[in-house]
Amino acid sequence: MRHPLSGAAARQRRVIPSRPTTTTARRSSLRYLSVFAFALTVLSACGGGESNVVTGNRDGVLHYGNGTEPQGLDPHVVTGVPENHIIRALFEGLAVKNPITLEPEPGVAERWEFSDEGRVITFYLNPEAKWSNGEQVTASDYVWSWNRALHPMTGNEYSYMLFPVVNAEAYLKGEITDFNEVGVKALDDTTLEVTLNAPTPYFVQLMDHYSTFAVHPETLMQFGEMTDRYTPWTRVGNIVSNGAFTLTEWSLNRRIIVEKSEHYWDRDKVSLNAVVFYPMENVVSEERMFRVEQLHYTQVVPLDKIPLYRDMPDTPYVQAPYLGTYYYLINTKRPPVDDVRVRQALALSVDREKLVRTVLQETAVPAYSITPPDTLGYFPPKLFNYNPERARALLAEAGYPNGEGWPGLEILYNTNEGHRKIAVAIQQMWKSELGIDITITNQEWKVYLDSVTQIDFQIARRGWIGDYVDANNFLDLFITDGGNNNTNYSDPVYDDLILYKAPKAETREERYALFTEAETMLMEEMPIIPIYTYTSKHLIHPSVEGLYSNLMDSLNLKYVKLVPGRTLPEALR
Amino acid sequence: MALLNVDNLSVSFVTRNGTNKAVDNVSFSVEERQITAIIGESGSGKSVSCYAMLGLVPSPPGRIDGGTAHFQGRDLLALSEDELRAIRGRDIAMIFQDPMTCLNPFMKIGDQLIEPLTLHKGLAKGPAREQAMALLDEVGIRDPQAAMSAFPHEFSGGMRQRVMIAMALINEPKLLIADEPTTALDVTIQAQILKLIAELQTKRNIGVLFISHDLAVVSDIADQIVVMEKGKVVESGQPKAIFDNPQHPYTQKLLAAIPSGQKAADTVTPDPLIRIDNLRTWFTPTGGADPVKAVDDVSLEIHRGEVLGLVGESGSGKSTLGRSILRLVPITGGQITFEGTELSSLEGRSLKQFRHRMQMIFQDPYASLNPRMTVYDTLAEPLLLHGLVRKADLDQAIRELMDNVGLARAFVRKYPHEFSGGQRQRIAIGRALATRPEFIVADEPVSALDVTIQAQILDLLADLTKEYGLTMLFISHDLAVIRQIADRIAVMYHGKLVEEGSTAQVFETPQQDYTRSLLAAIPGANAA
Amino acid sequence: MNTVAPVFEDAEKGSSLWHDAWLRLRKNKLALFGGSVLLFMVVVALLTPWIAPYSYEAQNLDLGASPPSAAHWLGTDIFGRDVLTQIMYGGRISLAVGFIATAVALLIGVTWGAVAGYVGGRVDAVMMRLVDILYALPFMIFIVLLMVVFGRNILLLFLAIGAVEWLTMARIMRSQVQSLRQQEFVEAAVSVGLSPAAIIRKHVVPNALGPIIVYTTLTIPSVMLLEAFLSFLGLGIQPPATSWGLLISYGAETMEEYPWLLIFPGCALTLTLFSLNFLGDGLRDALDVRGSKD
Amino acid sequence: MLRFMFIRILQALPVIFVVITATFFLVRSAPGGPFDQEKIVIPEVKKALEAQYRLDLPLHEQYFAYLGDLAQGDLGPSFKYPGRSVNEILFSGLPVTAELGLYALIIALCIGVTAGVFASLRPNTAQDYVPMSLAMIGICMPSFLLGPLLVLVFGIWLDWLPITGWGDIPGDKILPAVTLGSAYAAYIARLSRAGMLEILSQDYIRTARAKGLPEWRVVTQHALRGGLIPVIAFLGPAFAGLLAGSFVVETIFQIPGLGRFYVQAAFNRDYTMILGTTVFLSSLIVFFNLVSDIIAAWLNPRLRHQFQGGSS
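Protein chains in written order, with the numbering used here: chain A, 129 to 701; chain B, 60 to 587; chain C, 2 to 295; chain D, 130 to 441.
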């Protein structure tokens with residue numbers, strides 16, 4: 129079957145009549161030339177028996193293992209990590225994160241100013257920031273795009289990223305229908321004024337999240353309504369983006385190719401000519417492809433392979449702290465874990481150091497709090513330790529000395545090899561330290577989600593990856609009836625700290641002190657058992673430079689360089 | 060010098076249970092342009108000796124222990140497989156018993172026919188086809204052109220055997236080995252095929268080795284007869300000598316077994332046990348074509364205590380008629396009345412009540428016994444089912460049945476495959492008698508059996524009919540057999556009853572041409 | 002009949018098909034070997050709680066995965082648990098699942114196929130269309146639903162596996178019965194007056210057993226692997242309980258690093274497979290009373 | 130012939146219809162919806178999403194709306210991949226999976242028939258036992274084990290063949306096809322051995338030998354045709370099974386085929402995708418069963434005759 133938008137018809141539609149573009153013809157022929165050249169190089173790579181890495185280094189093409197096939201490439205519609213990587217290659221936000229420090233840096237906006245005690249931000253857009261069809265990225269593009277991102281009909285699952293903006297939440301929930309009441313205004317083509325509900329220190333950071341990106345309004349309207357989710361505007365030949373790269377091939381479940389954009393404002397800094405994203409679902413296959421030099425970069429590394437890689441000289445293995453916590457949810461309304469002493473006993477008898485050393489092969493950091501350490505300078509308090517004696521005492525206090533009379537407890541996790549290993553190890557720790565019977569249950573992903581949302585479990589595995597670098601993102605999980613609370617934990621004092629006191633804090637120190645207070649409350653009440661802090665784990669070919677590790681595992685492909693001639697360490701060949 | 064000279068041939072089969080001598084020091088010869096017939100019952104080693112010469116006995120388990128077989132001066136047994144292969148199909152050709160299974164069902168007749176030509180003579184396809192068509196014409200295939208591109212299933216058994224003969228003769232062999240070529244055929248067809256073989260033999264000057272269990276069949280055509288029993292040649296000589304003056308007891312037995320004579324006419328009172336009125340049994344093939352009228356408007360009476368012989372060729376509907384009476388096939392119309400009870404409307408329990416009063420004996424004793432049930436179980440099943448004996452008396456009842464059908468009691472826990480065909484048919488008869496039926500349909504009960512066994516079974520049936528006071532519908536294609544056992548004869552042709560009368564009437568004054576042709580086809584008429 | 006077997010006494014008539022099959026099976030060395038191995042496995046599985054060298058859940062995290070050694074003959078897994086013990090305990094589950102689930106499938110499939118094949122006509126059409134439908138339904142959704150509706154339960158595992166495996170069994174049985182139905186001995190049984198159920202039970206099923214037995218011996222190992230898949234989806238057994246299927250699928254992930262985690266459970270399954278096959282072929286031959294002729 | 134096909138298709142329609150209906154209600158009664166995420170979705174957003182995909186309608190209206198679309202050949206939009214229709218995804222994956230299945234089947238046929246025929250020529254000897262034992266292992270060897278094993282041996286240790294991809298590097302289609310085909314090769318070996326043993330004991334094989342045909346011609350020209358009929362009958366269901374069962378192989382070898390969508394749709398609760406693949410696959414099963422029945426019948430002259438419908 130031929131898709132209605134394939135081939136010539138689609139190509140014609142790309143020419144947008146409302147904005148006369150004189151250079152379209154020349155550019156499109158140029159593009160097809162370059163696609164042709166690229167196809168040739170790919171073909172010759174096949175014939176010559178050279179690996180992707182060798183040809184890629186020669187031609188400036190990065191071969192990138194990217195988890196799964198992306199749902200799509202519409203920034204306001206999709207969610208997920210693989211999508212993030214591709215979208216951030218194609219699009220650019222008002223601000224971007226420094227690849228090392230994660231501090232905001234100029235993106236589409238060359239600068240921004242705070243006023244009204246931090247409640248108003250004015251972004252000054254770079255006049256050189258261009259769409260891939262050569263048109264300028266304007267402030268009104270942003271207003272249109274945020275309208276789309278927040279419109280109830282769009283169904284943007286990350287719309288809450290814009291909730292700090294005045295009336296954004298009300299607009300999404302349909303309480304107001306006039307987008308003019310939402311706190312975003314285009315003062316002129318290059319000036320965008322955003323009004324916030326309260327001073328939000330991390331707001332500029334959010335401008336690097338794809339749900340706040342601008343899309344090209346005319347292109348979208350070519351293919352349907354503003355709020356349509358499933359128009360083909362993101363397809364090759366249709367899509368107009370403003371990032372360092374443009375989309376040139378999208379083969380389902382096979383690969384996505386992006387090429388260096390000619391219109392990107394900072395194009396001189398872009399070293400790569402193209403990036404090929406591979407949807408590698410099977411981690412074992414991904415590692416093997418890396419080993420035979422078919423990939424420059426892997427998204428993950430199989431746990432069992434890590435010791436081998438780590439011990440190797442000049443290892444391509446790179447591990448870095450990651451803004452995410454692995455923890456067990458506790459249903460605080462179900463016996464026996466409705467008793468805080470039982471919860472504490474369980475938390476105290478998990479030997480996190482040992483778990484990390486053995487089962488996790490040092491690929492994680494033991495966690496004693498929900499917020500990962502050093503979240504933009506915030507260090508959570510460490511309130512307890514591995515202490516089996518104390519745990520046994522607490523359990524005895526709760527009425528189960530040496531596990532006597534223990535009614536049984538079930539750990540729920542979603543079907544996954546890693547979760548299984550953790551559960552099996554912890555089950556055994558609790559059994560041997562506390563003398564209590566534990567059963568383990570796994571459920572298929574959506575069934576598990578259902579159980580967690582209904583809070584139909586005693587203990588359930590959970591992980592939280594930060595959307596932005598701020599402790600608030602972790603601590604506001606546990607406000608009363610929070611959608612991601614899932615523990616029945618409820619404390620008005622805690623709610624007050626997170627929702628009202630912290631946002632009004634004048635200084636960073638004051639704010640962090642309030643967070644510490646909240647985190648202490650949480651760890652005393654123990655509705656969750658923190659287990660470890662994630663790390664990001666990648667295999668990176670020695671020829672790749674400029675792929676910096678950071679807390680968000682957020683890489684910016686515009687800084688990546690390929691240095692030909694370097695090979696994998698001897699041990700791998 | 061004879062065409063084929065077999066001297067002291069010995070063949071044995073090595074199996075798990077020991078060595079079994081199938082052919083023991085057998086000698087015979089085939090002269091050029093003559094027909095030598097080997098006679099013997101199944102298992103006598105007559106076929107094995109021929110297959111062994113041509114290297115067609117699978118080894119293992121077969122093993123040639125000794126002897127020579129000189130054909131045109133060369134010892135076939137000493138030849139290599141390749142040399143033998145060059146002779147097979149070129150100088151020595153074979154036709155087999157069952158034309159239904161001996162032609163490759165997946166190949167066109169023409170392709171199978173020309174295979175020996177292209178193989179041995181290196182003929183191109185075109186000329187080979189010409190030759191094949193000429194030969195098909197010669198063996199009496201009406202439309203050779205069409206036959207060449209037909210598949211075997213499109214032909215009747217007789218026609219297939221003609222094709223087999225054409226295939227055997229296509230390379231103008233010196234010797235033709237015909238292994239029971241007519242046994243699987245109807246009597247009328249059998250006569251035609253025999254005639255054809257005899258004609259071709261004279262016309263083409265070939266030697267024929269004719270293997271059969273039936274003396275009557277070969278009596279008309281053989282120049283020389285060799286009688287085998289249990290792997291040994293017991294007697295040989297000219298047909299006339301053998302027929303007139305058989306020396307060996309086994310030969311005498313064979314001769315005696317040729318069905319002859321006629322049942323002494325009992326006086327049967329015309330008291331109809333079964334009445335059939337306008338019975339129709341039609342089969343509608345899947346796909347909705349026209350129905351096959353297997354039994355078409357047949358009316359018939361079977362009197363109490365009589366044996367009614369039902370004669371017809373295969374496909375005449377005689378078996379279907381028998382099965383219709385027993386309600387084993389659904390009938391399309393008409394009525395069957397059993398002692399005044401309308402059978403065609405009975406269902407379920409009331410039908411089961413009647414089941415034990417009417418039983419059937421099937422043609423193929425190999426197929427009609429459950430291979431996984433012992434004799435005991437087979438016989439016990441109907442007894443227990445109808446509550447005819449008490450559990451305690453079961454052994455006794457089975458013993459009696461075994462005695463009655465002439466089976467040694469010791470066989471009671473054996474499985475059907477451990478018995479010979481005749482013994483199996485005795486088991487089947489025993490099963491039929493177990494329910495103490497009043498009426499039995501015997502569907503070709505002896506046609507799958509060797510001649511000598513056939514005679515025994517016929518005797519047994521005749522005795523039992525008397526002893527149990529049975530009424531029987533005896534179905535057969537063989538008039539000679541029917542004549543021996545039946546009181547009256549009914550002739551079926553294409554689903555219709557064409558003639559009906561007492562045995563003497565039908566034999567002496569047949570009314571229909573069809574009946575006359577059946578009578579003419581009885582083999583060995585001159586020998587009897 | 003050239004060779005007449007020794008004379009038997011009438012009194013021996015009590016023998017049955019199964020008894021005779023057993024007599025014949027006893028002579029088949031390969032089948033006996035297969036049977037003995039299976040028996041040995043069953044005995045070991047039954048005795049495992051008493052004879053296993055280690056506790057199946059006791060971990061030694063610091064030891065981790067270690068190759069075969071004097072202390073752990075077949076090595077240890079990543080939790081430092083003894084692989085031999087794991088295989089022994091896994092065998093309990095796998096053998097039970099393999100045999101029971103297959104028996105369930107056998108029972109349903111043979112009955113279903115026999116009835117459809119014997120009765121024929123419209124009943125056959127409806128019954129087999131139902132089989133077609135079940136074939137086409139998305140298996141995964143079916144499993145998830147089973148899990149949700151009935152909760153998690155080892156019995157459910159049998160049900161789920163049986164529900165899948167009986168379909169093919171029914172098809173094989175049906176085609177067997179269809180050809181058997183034409184045979185004269187079935188007709189003879191009808192004329193004797195046997196009811197259809199009795200005919201199926203006594204005359205049809207015993208004669209269709211050959212292909213069924215062969216298929217069954219192939220089914221048991223695949224059932225063991227299917228169990229692993231279902232346990233993986235959350236239906237069936239939960240850690241730390243294990244099975245051969247689970248051990249193999251875990252072992253497959255680390256075949257390069259810790260090959261013993263794959264090889265030994267794989268051997269256990271392969272040994273079972275071959276034993277079953279030898280036994281199955283032997284049983285088929287033993288039940289085929291005709292086969293004993295040569 | 131046409132009549133036969135017509136009847137078969139007519140018989141299949143209710144089956145497919147029941148499958149659609151059952152699947153439709155089954156998937157919707159499974160816990161977890163298509164838009165459930167680890168991070169909770171704001172209720173208003175979820176409502177908007179459900180409205181976009183007609184999930185806010187009463188169940189029976191959804192059902193009839195789906196049937197209406199289906200009647201026009203529209204399988205609906207994918208829930209998981211916004212912007213893609215189920216039709217588009219199916220047709221993007223189908224050629225690849227079909228090609229993979231075809232190669233697997235060819236490999237299975239070549240290996241299976243050779244081994245089976247080879248074994249049948251000398252039953253109960255080493256020539257029989259060795260290939261049949263391998264076949265037994267082949268049947269039971271799951272592809273999640275065989276695939277990585279083949280990759281390790283031929284892709285990494287020996288470095289002979291590419292380990293992933295489909296049509297990117299010459300030779301990258303070999304390992305997946307072998308992995309997928311092996312189980313079927315084993316089945317085919319068993320089937321063809323049994324079929325050949327049956328045919329080789331037929332009378333007409335003796336006829337062929339009596340003609341003086343060399344053994345190889347007896348086997349190839351006379352025995353093979355009948356002996357392989359069970360294999361042909363198996364091919365139809367096998368090919369349909371290959372299409373549905375290629376998931377593991379596609380994942381291991383990074384192949385952009387249909388199998389991945391089929392399985393993931395169930396995990397994602399991508400209702401339209403589940404239904405679409407189910408409808409598609411059950412139609413394929415029906416179709417391929419029909420085709421293999423027709424081929425088997427065509428090979429069997431007796432049945433061929435019936436099909437031609439002549440009332441001779």
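Built from N, CA and C at the ideal position, the CB exists for glycine as well.
Residue-level contact to chain A via CB, residue i, 7 Å cutoff
i        : result
D:Ser453 : A query on residue 453 of chain D cannot be resolved here, the shown segment of chain D reaching from 130 to 441 and no further.
C:Pro54  : no
D:Leu228 : The sequence given here has Glu at residue 228 of chain D, not Leu. No, its Cβ sits nowhere closer than 7 Å to a Cβ of chain A.
Cutoff 7 Å: residue i Cβ touching any chain D Cβ
i        : result
B:Cys161 : yes
B:Glu174 : yes
B:Phe470 : no
Enclosing beta strand (DSSP E) for residue i [first to last residue]
i        : result
B:Ser417 : According to the sequence as given, residue 417 of chain B is Met; it is not Ser. Looking at the DSSP string, the run of the beta strand (DSSP E) that includes B:Met417 is 417-420.
C:Trp167 : Counting along the chain, C:Trp167 falls outside any beta strand (DSSP E), though it belongs to the alpha helix (DSSP H) covering 155-182.
A:Asp306 : Unbroken run through A:Asp306: none, as it is neither H nor E.
B:Thr530 : 530-535
According to DSSP, residues forming a beta bridge with residue i
i        : result
A:Thr426 : According to DSSP, which records beta bridges pairwise, A:Thr426 is partnered with nothing at all.
A:Ile593 : A:Gly452
B:His129 : B:Asn64, B:Asp134
B:Gln571 : Partner(s): none; B:Gln571 has no beta bridge.
A:Ala314 : A:Leu320
Interface flag, residue i vs chain C, CB-CB below 7 Å
i        : result
B:Leu369 : no
B:Ser427 : yes
D:Leu139 : no
A:Arg548 : yes
D:Leu231 : no
CB contact check: residue i to chain B, cutoff 7 Å
i        : result
C:His204 : yes
C:Pro207 : yes
- [ ] Inspect the CB distances between the stretch 426-438 of chain A and the stretch 188-203 of chain A and report whether three or more fall short of 8 Å.
- [x] yes
- [ ] Please determine if the stretch 458-471 of chain B and the stretch 407-418 of chain B are in contact, where contact requires at least 3 C-beta pairs separated by less than 8 Å.
- [x] no
- [ ] Answer yes if the stretch 227-240 of chain B comes into contact with the stretch 155-173 of chain B, meaning at least three C-beta pairs across the two stretches below 8 Å, and no otherwise.
- [x] The stretch 155-173 of chain B is in contact with the stretch 227-240 of chain B.
Open item on the list: Within 8 Å, do at least three Cβ pairs link the stretch 128-136 of chain B to the stretch 190-200 of chain B?
Closed with: Counting Cβ pairs under 8 Å, fewer than three are found: no touch.
Task: Three or more C-beta pairs below 8 Å linking the stretch 531-542 of chain A and the stretch 575-595 of chain A - done: The stretch 531-542 of chain A is in contact with the stretch 575-595 of chain A.
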